[in-house]
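There are 2 protein chains.
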Amino acid sequence: MYGELSPPQRLLLGAGPSNLDPRVLRALTAPMVGHLDPYFLDVLDETSDLLRYAFKTKNRLTMAISGTGSAGMEGAICNVVERGDEVVVCVSGFFGERMLEIVDRCGGKCVEVRADWGEIITKEAVEEALSNSSAKVVWIVHGGTSTGVLQPLRDIARVVREYDSLLLVDAVTSLGGCELDVDGFGIDLCYSASQKCLNCPPGLAPITVSERAMERVRNRETKVQSWYLDLSEIERYWLESNRVYHHTAPLLLIYALREALRLLREEGLEERWKRHERNSLALIRGLEAMGLEVYPKAYRCPALTAVSIPDGVDDQSVRRRLREEYGITISGGLGALKGKVWRIGLMGINSTERNVIVFLEALERVLKREGYPLKLGEGVSAAIEAFARN
Amino acid sequence: MYGELSPPQRLLLGAGPSNLDPRVLRALTAPMVGHLDPYFLDVLDETSDLLRYAFKTKNRLTMAISGTGSAGMEGAICNVVERGDEVVVCVSGFFGERMLEIVDRCGGKCVEVRADWGEIITKEAVEEALSNSSAKVVWIVHGGTSTGVLQPLRDIARVVREYDSLLLVDAVTSLGGCELDVDGFGIDLCYSASQKCLNCPPGLAPITVSERAMERVRNRETKVQSWYLDLSEIERYWLESNRVYHHTAPLLLIYALREALRLLREEGLEERWKRHERNSLALIRGLEAMGLEVYPKAYRCPALTAVSIPDGVDDQSVRRRLREEYGITISGGLGALKGKVWRIGLMGINSTERNVIVFLEALERVLKREGYPLKLGEGVSAAIEAFARN
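Here the protein sequences line up with chains A and B, keeping their order. Using the numbering used here, the first residue of the first sequence is number 1, and each one after it goes up by one. Using the numbering used here, the first residue of the second sequence is number 1001, and each one after it goes up by one.
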């Protein structure tokens, strides 16, 4: 009745999860020890260290929340916001809309800064929101998981600092795939997810918090509403020498994360960013040569390309064929972009020249079969040329 | 600087995590697909079905929360409690104390029902609390993770039902190891954890909720304060045919859980309970023959035995020797029982005749070396006799 587990092999080129690195997979199968075993406590320390490298930060509070990226999102807000606090929420995609909901549930009051989906948020808009409100927290997405936009952060961070506010950044899609410099940009709190450019299984949300932000957390008048996501409680287990049990850490996921971060460090952050950029540029050239239009006009995230679905082409049918006939998963659109874009992720080990070619070839075939007018090989050729040039 | 991951082999006989079943380990390494892949959606359905078997319930809302058992604990409360609501919290161990804190952070008001640690909560005490308050929710622990007590639930469930209240049960340590019958007992909401008697890695909290309880959730006046743990949102992804993305499910952990539940079903719940009982009885005979005292006088949980640390014996030193010299992990006491008890788990595949013997032999050796007066072999012999009788 419940057969042997035997999932199909998929090349995961959607918005995440991405495929696991074979070394990450191997780490997952290492012998499990107790969550207070001295061996594991060293693993925690090393994982924090390696995360500091990945985030480019010296923040002491750097660890992983025991939940998915969405738990990171909620944890970020509920630690720094108290009931009645105003919060600037920058909305230019699906996850901005979701954050409005999360802030509301935390008892915060949203000051919305909006841009059209696919556009970036300007520093002027953030400044206006800060000057017209009492908000001391600004939340913004770095790599737009729903739109494929890469949001510039330096100027906004400067403005936020001028208003003595905290900058909270969602780096779910960007960490390990796009230039991110937590200390250099001036970010106060940054979280991500394990299953995107780090090629780990989903279930962990890396997070780093500046001393400035932690002071705010420590000086709250009320307790953080979530006991599970309370950073001051979790840090006593992750980061203090006299480890205080909080909850049983997801040991194997942390083994996996540590290995993924070792891989990142071996390659080097800058090298990794360059690789993602090179491959996404070739992908874009290929898509454009097929007559497709990349959704964001500028500020494109190298880890995730959103491309508009051409008129008359059936979204679901194309994705089903890619999956069933080619073993390739891509993502459809979220929210307002449902049926309007495909999201193609080249994340971590999946960002390779080979995957760009393999994907474009498959997409050409499928689109042709679906009646879309194109000449087979044009997309692939354009990508090959782009690779030759870069 | 950050070397190859190579954790030591440990026999995990503490309060959890337990060792993984080799088939669970294999499931973890199955190819990962997308969280909306048709293959994975079938895995979700099957996992829900298998969880219904494990919980002994027909509840439609039966799934796993994407966090550890502590997330299950918080999720249970924050879905059924609104600000200002009174909640009966039964406190007879560490996790009861913790629940007071969680209820408080959810804005609930605790009506405490206390028993000494190591004792059970009586139905009379629960009835008194219900009759003297407006509480419509009662929370209680089934298998006491800090005390080794197995709390009887049938009579309490009847009382709770008479007061038209909901019974919330923490089955973190008991699910899959001790008799638990969600529908038969009359439990409205029950949650557990993956890393105890199910032998999965930590990171998931199975949960089942009755239609009666879900009606309460759906008729709330205010939103559930946690977006991440909102059952009505999660069920749209786990259980509705038109799957609505909520967060990226921890795919590999769910593969593992499904496999663990298949194993449970192959063995049969009743067989599993009997096995746990037989092995814990032999363990207890062995400990007693060594002059040690089991902490709860009665109502002992077959998955977890708490034993008092004899006077003059160094808690930490014994546990360190067991770990370093014998590769065996047991747990120390939590909270008020720190330094006073050891907690010995025989959970899932770890509940075997062999592990009882191996552990007792090691403990005898270590205690002897630490100066505790005993005759080597007495504990082991008593266990062997107990096995021969049962």
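By construction, the Cβ of each residue, glycine as well, lies at the ideal position given by its N, Cα and C atoms.
Chain-ordered neighbours of residue i on chain B, where CB pairs are closer than 8 Å
i	result
residue 253 of chain A	1201, 1203, 1250 and 1253
residue 84 of chain A	Residues of chain B passing the Cβ test: none, with the nearest at roughly 14 Å.
residue 363 of chain A	Neighbours of residue 363 of chain A on chain B: none; closest Cβ ~17 Å, over 8 Å.
For residue i, the first and last residue of its enclosing alpha helix (DSSP H)
i	result
residue 1172 of chain B	Unbroken run through residue 1172 of chain B: none, as it is neither H nor E.
residue 1062 of chain B	Unbroken run through residue 1062 of chain B is the beta strand (DSSP E), 1061 to 1065; no alpha helix (DSSP H).
residue 234 of chain A	231 to 238
residue 326 of chain A	315 to 326
residue 404 of chain A	For chain A, the structure presents residues 1 to 390; residue 404 of chain A sits outside this window and is missing.
Residue i versus residue j - alpha carbon distance
i	j	result
residue 1208 of chain B	residue 14 of chain A	31 Å
residue 382 of chain A	residue 1222 of chain B	54 Å
residue 69 of chain A	residue 202 of chain A	8 Å
residue 145 of chain A	residue 3 of chain A	35 Å
residue 1276 of chain B	residue 1346 of chain B	7 Å
residue 1090 of chain B	residue 243 of chain A	27 Å
residue 373 of chain A	residue 1204 of chain B	47 Å
residue 1194 of chain B	residue 1280 of chain B	21 Å
residue 1065 of chain B	residue 71 of chain A	11 Å
residue 1010 of chain B	residue 229 of chain A	29 Å
residue 1110 of chain B	residue 85 of chain A	27 Å
residue 1045 of chain B	residue 1206 of chain B	13 Å
residue 246 of chain A	residue 1240 of chain B	33 Å
residue 1191 of chain B	residue 1251 of chain B	19 Å
residue 96 of chain A	residue 138 of chain A	12 Å
residue 88 of chain A	residue 387 of chain A	41 Å
residue 273 of chain A	residue 1360 of chain B	55 Å
Terminal residues of the beta strand (DSSP E) in which residue i lies
i	result
residue 119 of chain A	Unbroken run through residue 119 of chain A: none, as it is neither H nor E.
residue 1304 of chain B	1304 to 1308
residue 342 of chain A	341 to 345
residue 47 of chain A	Element bounds for residue 47 of chain A: not the beta strand (DSSP E) but the alpha helix (DSSP H), 38 to 55.
Cβ pair residue i, residue j closer than 9 Å
i	j	result
residue 269 of chain A	residue 123 of chain A	no
residue 303 of chain A	residue 351 of chain A	yes
residue 1119 of chain B	residue 1160 of chain B	no
residue 19 of chain A	residue 1032 of chain B	yes
residue 174 of chain A	residue 188 of chain A	no
residue 1271 of chain B	residue 1023 of chain B	no
residue 1339 of chain B	residue 1315 of chain B	yes
residue 51 of chain A	residue 261 of chain A	yes
residue 1092 of chain B	residue 1238 of chain B	no
residue 287 of chain A	residue 307 of chain A	yes
Min CB distance residue i to chain B below 9 Å
i	result
residue 127 of chain A	no
residue 206 of chain A	no
residue 305 of chain A	no
residue 237 of chain A	no
residue 51 of chain A	no
residue 173 of chain A	no
residue 2 of chain A	yes
residue 46 of chain A	yes
residue 37 of chain A	yes
residue 40 of chain A	yes
Any C-beta of chain A under 9 Å from that of residue i
i	result
residue 1031 of chain B	yes
residue 1063 of chain B	no
residue 976 of chain B	Absent from the model: residue 976 of chain B. The displayed extent of chain B is 1001 to 1390, so no value can be given.
residue 1226 of chain B	yes
residue 1027 of chain B	yes
residue 1356 of chain B	no
residue 1141 of chain B	no
residue 1331 of chain B	yes
residue 1314 of chain B	no
residue 1071 of chain B	yes
residue 1366 of chain B	no
residue 1104 of chain B	yes
Chain A residues whose Cβ lies nearer than 7 Å to that of residue i
i	result
residue 1161 of chain B	Result: empty, since nearest Cβ-Cβ is about 29 Å, beyond 7 Å.
residue 1195 of chain B	248
residue 1092 of chain B	Those within 7 Å of residue 1092 of chain B in chain A number zero; the least Cβ separation is about 19 Å.
residue 1101 of chain B	227
residue 1258 of chain B	5
residue 1074 of chain B	226, 227 and 228
Residues that residue i contacts on chain A, provided the C-beta gap is smaller than 9 Å
i	result
residue 1019 of chain B	31 and 32
Within chain A, the residues that residue i reaches when beta carbons sit closer than 8 Å
i	result
residue 1269 of chain B	Going along chain A, no residue has its Cβ under 8 Å from residue 1269 of chain B, so there is no contact; the nearest lies around 15 Å.
residue 1339 of chain B	Within chain A, no residue comes near residue 1339 of chain B; the closest Cβ sits about 14 Å away, beyond 8 Å.
Closer than 7 Å at the beta carbon, the chain B residues around residue i
i	result
residue 177 of chain A	The premise fails here: residue 177 of chain A is roughly 16 Å from chain B at the closest Cβ pair, so nothing lies under 7 Å.
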